[in-house]
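Colleague: The sequence shown begins at 1 in the working numbering and counts up by one. Backbone N, C-alpha and C fix where the C-beta goes; we use that ideal spot for every residue, glycine too. Got a structure for you, questions after.
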Amino acid sequence: MGLWTWLTLAAAQFPPTPKWDKVIRSRFNNDVTISYKEVPGCLCESTPGVRSWSGYVHIPPFALADLGTTNQSWPINTYIESRHDPANDPTIIWINGGPGGSSSGNALGYNGPCKVHPDANSTYLNPWSWNNEANLIYFDQPVQVGLSYDTPQNISYDLLTGDFTLLNETTGIPEQNLTLHVGTWASTDTYKTSYGSVNAAYAAWHFFQAWYQEFPEQKTTSLSLSGVSYGGKYAPAIFDFFATQNARIANKTWNVTGESAILPLNTLIIENGCIDLPGSWFSYPVLAAHNTYNVSGVNRSTIDEMWDNLNKPGGCLDQAYQCGNLSLLYDPLAVGVNESVNHVCFEAGSYCDRQVQGLWGRSNLSFYDVTLPGDFSRGPPFSQAYLQREWVQEGLGMAVNWTKGSPWVSDAFRREGDFAHPGWVGKLGDLLERGVKVAFVYGDKDFLCNWVGGEALSLAIEWEHTEQFRSAGYAPIETNASYTGGLVRQYGNLSFSRIYEAGHGVSGEQPETVQKLVMRLLRDQDVATGLISDVGDSGYGSVGMANVSGVMNVVDENWRDVLQVCYLYDVGGTCTDEQVEEIRNGSAVVRNYMVVDRNSTRRFPEVVGTGLFPLSCPWLVLSAPSSLVSARRYLGPVIQKYQIPSQCL
Numbered sequence: 001m002g003l004w005t006w007l008t009l010a011a012a013q014f015p016p017t018p019k020w021d022k023v024i025r026s027r028f029n030n031d032v033t034i035s036y037k038e039v040p041g042c043l044c045e046s047t048p049g050v051r052s053w054s055g056y057v058h059i060p061p062f063a064l065a066d067l068g069t070t071n072q073s074w075p076i077n078t079y080i081e082s083r084h085d086p087a088n089d090p091t092i093i094w095i096n097g098g099p100g101g102s103s104s105g106n107a108l109g110y111n112g113p114c115k116v117h118p119d120a121n122s123t124y125l126n127p128w129s130w131n132n133e134a135n136l137i138y139f140d141q142p143v144q145v146g147l148s149y150d151t152p153q154n155i156s157y158d159l160l161t162g163d164f165t166l167l168n169e170t171t172g173i174p175e176q177n178l179t180l181h182v183g184t185w186a187s188t189d190t191y192k193t194s195y196g197s198v199n200a201a202y203a204a205w206h207f208f209q210a211w212y213q214e215f216p217e218q219k220t221t222s223l224s225l226s227g228v229s230y231g232g233k234y235a236p237a238i239f240d241f242f243a244t245q246n247a248r249i250a251n252k253t254w255n256v257t258g259e260s261a262i263l264p265l266n267t268l269i270i271e272n273g274c275i276d277l278p279g280s281w282f283s284y285p286v287l288a289a290h291n292t293y294n295v296s297g298v299n300r301s302t303i304d305e306m307w308d309n310l311n312k313p314g315g316c317l318d319q320a321y322q323c324g325n326l327s328l329l330y331d332p333l334a335v336g337v338n339e340s341v342n343h344v345c346f347e348a349g350s351y352c353d354r355q356v357q358g359l360w361g362r363s364n365l366s367f368y369d370v371t372l373p374g375d376f377s378r379g380p381p382f383s384q385a386y387l388q389r390e391w392v393q394e395g396l397g398m399a400v401n402w403t404k405g406s407p408w409v410s411d412a413f414r415r416e417g418d419f420a421h422p423g424w425v426g427k428l429g430d431l432l433e434r435g436v437k438v439a440f441v442y443g444d445k446d447f448l449c450n451w452v453g454g455e456a457l458s459l460a461i462e463w464e465h466t467e468q469f470r471s472a473g474y475a476p477i478e479t480n481a482s483y484t485g486g487l488v489r490q491y492g493n494l495s496f497s498r499i500y501e502a503g504h505g506v507s508g509e510q511p512e513t514v515q516k517l518v519m520r521l522l523r524d525q526d527v528a529t530g531l532i533s534d535v536g537d538s539g540y541g542s543v544g545m546a547n548v549s550g551v552m553n554v555v556d557e558n559w560r561d562v563l564q565v566c567y568l569y570d571v572g573g574t575c576t577d578e579q580v581e582e583i584r585n586g587s588a589v590v591r592n593y594m595v596v597d598r599n600s601t602r603r604f605p606e607v608v609g610t611g612l613f614p615l616s617c618p619w620l621v622l623s624a625p626s627s628l629v630s631a632r633r634y635l636g637p638v639i640q641k642y643q644i645p646s647q648c649l
C-alpha cells in the first residue's frame, strides 16, 4: 500500500492550540500528565444526556526504556458514553489495524455513534453504534497513529503525489492551494514508535493504568477489546499482556506505584483479523480457487503458483517456520531485541505478502471484497474532510492533524518482522484458560484477512474445551425476525462467526448484525439468538452443520449502480488517472472537494449542484467565486470557510 493511500489528506492547516477542560498531573508519577476535554455533542454523539471526552496521556521519556523506547509519547483516546446506562454498561476499547491505521476516525462511521454528511461539516446519528449499550474507547495506537504523537512536526503535503516536506524556521510556509496543504504531524521517525505488537501492548497497558488510576469511575464492570485486520495481532498481544499484569498485581509480584489497577477483562473480539501466518496462509490459494461467491479472479496457473510459493523449500512456510524457531530461541517475547531474528522475520513476511497473498492482485479485484473491482470506491470519505475543520479540531482538542494511517508505524513493524512472529494462537488459548471470551467475526467477502483462515485458527486453539468447540455445529445468526446475518460455531467462551455480505470492514458493512452479535457476547449469551444466557458456564454448544464451505452466496450486483466520485481527500482511492491529471493541469472543476462531473452532480447535487448553477447554501460551497473552481487555478484558503453548525455555536 503506497504512501499516497496511507496519508490521505493528513494535513490541511496547522491545528489550533488545544484548550483543555483540565490538565492533571498523576498522583503517582509527577512526569505523567493527562489533558482532556468534553467533546461538544454537536460534533458527533448528539443523543441528549450522552457525553464524550477526548484526551491525551503524556508518557514521559524512558518510561518504556526496558523496551528500547526512550522518547516521549502522547497517545490519545476518545471516550464515548453508552446511550443506555454508562455507569453500569461494559466498556469496549476499539483499535484499527494496519499496522498504523487510525482508530479515532472510525468513531465517525463504521461502528461509532455518528456518520458525516456529504457536506463534510455536520453529522447524523448511527442507529447501530456500539455505544447503544456499551461505553466506547477509540484508542489511537501505536504512537504516531491518527491523533497520537511523540514530537510534533510541521509539514507540507501534496495530495496528488503523496510527497511531504518537513518544515522548519528556514523553509517558511509554502503557498497553499487545493492540493498542497500544510499541517502538523508526529515526528515521522520510525524509531520513535512501538517496534511491533508486543511493544505496543506494553505501551497500551501503561496508558490505561494512568487513565484508570486517575478516572476510576470509568473502570466499569467489564473491559473488552476489539481489533480489526492487523488488530488480529495487536488485540491478542494487548489482552494477553493485560491479563499477565493482572495476575502479577494480584499475586503482588508487580508493585509499581500508580500501576496497580486490575483491569476487568471480558471479551476479545477479532474482526477479520490477520493473526497467524503459518496457520492461515493456505487460505489464499483455497479462496482463489473456491470461494462462497463463486468468483473466479485468477487462473489455474496463478493458483498453482500460490501453492508452490507457499510450500516449496525456501518458500513462505519454510521462511515462516525459520522465523518462528529463531524467535523462540533468541526473542521469545517478540519485542524485537535481536536484529538477526528481525531480518529473518521481515524477509518471511515480505515474501509471503508478495508471492502468495499478493498474487490476488492479478485478478484486478479488491483484496477487501472479492465481489468488487479493485478500484471500486463505496463513497467519498467525508470524515477525512470533517476532521480537518478548525472547529472540529478545536472540539476534539487535536494537537496534530488527523491521519488515516502512519507509514512510519508500518515500517517499524515490518522492520521488526512482527507479522511473521509466532505465538498468537497460543495467546488466545491462554486468554480462554483465564476466563476471557474470544470471538472471531469475519465478513465472508474479504480476501485479505479471510474467514477460511480465521476459521482454521479458531479450530487450532488449544484450551480446555478444544474438542467440544471443534464438535459444535454452525447455527444461523438471527439478526432480526426477517434476516439471518450469518453462521456461528460456538462452545462456551469461544465463537467463530461468518457474516454474510460483508468484506474486510465487517462492522461497517453489516452494522446491525455485528452490533447485536457483540452485545450478545458481552452479556454472555449465545451468539446465534441471544436467548440463551450464561453460555460460558453452562456447557452450551451451537448445533448445526459441521462444514459451511458449501454454503454459497449470490454476488450483489447493485454496486454497478454506485456512481464513483473523485474526492480530493482521497485522490488515490476515488479518482481515475484521468481525473488526477485534470486536477494536476487545472482543467478539473472542483466543488466541496469533489470533482464536478456527471456522477457527482447526480449523486450529491445538494453539495456540488446539478450543473453550472450556484448552490442555495453558501456554506456548502468553496470560499471562492460562486462559479465552479479550477483546482490548480484557485489559490484560496485550503480550509474552506464553512459556517459552523448552529448547534455548535
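1) Anyone know if the C-beta pair for D716 and L457 falls short of 8 Å?
2) Given this structure, state the Cα-to-Cα distance separating R414 from G609, to the nearest angstrom.
3) Is T479 closer than 8 Å to K445 when the C-beta atoms are compared?
4) What residue does the beta strand (DSSP E) around I270 start on, and which one ends it?
5) Mapping the DSSP letters down to three states, classify T190 as helix, strand or coil.
6) What would DSSP say about Q141, mapped onto helix, strand or coil?
7) By how many angstroms is the C-alpha of D163 removed from the C-alpha of C617?
8) DSSP state of D158, grouped into three classes?
9) For I499 and T513, which I take to be in contact (beta-carbon distance under 8 Å), what is that distance rounded to the nearest angstrom?
10) Below 6 Å CB to CB, which residues in the same chain sit around T302 once its five sequence neighbours on both sides are set aside?
11) Under DSSP, the alpha helix (DSSP H) around G172 begins and ends at which residues?
12) My assumption, with CB atoms under 8 Å, is that G423 sits in contact with G227. Please give the rounded CB distance.
13) Is DSSP giving Y330 helix, strand or coil here?
14) Given this structure, state the Cα-to-Cα distance separating L268 from N246, to the nearest angstrom.
15) Starting from the Cα of P79, find the closest Cα among L178, A87 and Y138 and give me that residue.
16) Evaluate R27 with the Cβ neighbour count: other Cβ atoms within 10 Å of its Cβ, from every protein chain shown; 16 or more gives buried, anything less gives exposed.
17) Select from L160, V39, G503 and E509 the residue whose C-alpha is nearest the C-alpha of G586.
18) How would you label A201, buried or exposed, when you count the other beta carbons within 10 angstroms and need 16 or more for buried?
19) Runs of 3 residues minimum, wholly inside the region 451–481: which ones carry the beta strand (DSSP E) assignment?
20) Can you tell me which of the three DSSP states V737 falls into?
21) When you compare each of P407, F367, E455 and V571 to S546 by their alpha carbons, which one comes out closest?
22) For Y483, is the classification buried or exposed, using 16 other Cβ atoms within 10 angstroms of its Cβ as the cut-off for buried?
23) Less than 8 Å between the CB atoms is what I'm expecting for V295 and V370, so what's the real figure, rounded?
24) Quickly, what does DSSP pair R300 with across the bridge? List them, please.
25) Are there 16 or more other CB atoms within 10 angstroms of the CB of G112, so buried, or fewer, so exposed?
26) Go through its chain and collect everything with a Cβ distance to W20's Cβ below 7 Å, but skip five positions before and after it.
27) Can you tell me where the alpha helix (DSSP H) with L568 in it begins and where it stops?
28) With DSSP run on the structure shown, which of helix, strand or coil describes A399?
29) Can you tell me where the alpha helix (DSSP H) with F419 in it begins and where it stops?
30) One question on the structure: do N338 and L432 come within less than 8 Å of each other, judged by their Cβ atoms?
31) Give me the DSSP bridge partner(s) of W53.
32) Could you tell me which of P90, G232, H290 and C42 sits nearest to E420, measuring between CA atoms?
33) In angstroms with no decimal places, state the Cα-to-Cα distance between L317 and L310.
34) Taking only the alpha-carbon atoms, compute the straight-line gap between D31 and P60 and give it to the nearest angstrom.
35) For the putative contact between V143 and A203, defined by C-beta atoms under 8 Å, what is the C-beta separation to the nearest angstrom?
36) I644 by DSSP, collapsed to three states: which one?
Modeller: The answer reads as follows:
1) It is not possible to answer for residue 716, since the shown part of the chain is limited to 1 through 649.
2) 45 Å
3) no
4) L265 to E271
5) helix
6) coil
7) In this prediction, C617 scores a pLDDT of 32, lower than 50, which makes its location untrustworthy; the coordinate-derived value is nonetheless stated afterwards. Distance between the alpha carbons of C617 and D163: 34 Å.
8) strand
9) 6 Å
10) L359 and R362
11) Run containing G172: none; DSSP gives neither H nor E here.
12) Not a contact, Cβ separation roughly 16 Å.
13) helix
14) 16 Å
15) The amino acid occupying residue 79 in the given sequence is Tyr; Pro does not appear at that position. Checking every option, the nearest Cα to that of Y79 belongs to Y138.
16) exposed
17) L160
18) buried
19) 474–480
20) With the chain covering 1 to 649 only, the question about residue 737 has no answer from this structure.
21) The displayed chain sequence assigns Ala, not Ser, to residue 546. For A546, the nearest C-alpha among the options comes from E455.
22) exposed
23) 5 Å
24) For R300, which the question treats as bridged, DSSP gives no partner whatsoever.
25) buried
26) S35, Y36, K37 and G397
27) From DSSP, L568 is part of no alpha helix (DSSP H); its letter is neither H nor E.
28) coil
29) That residue, F419, is in no alpha helix (DSSP H); it is neither H nor E in DSSP.
30) no
31) E38 and Y79
32) Position check: residue 420 holds Ala in this sequence, whereas Glu was assumed. Here the closest residue by C-alpha is G232.
33) 6 Å
34) 6 Å
35) 7 Å
36) coil
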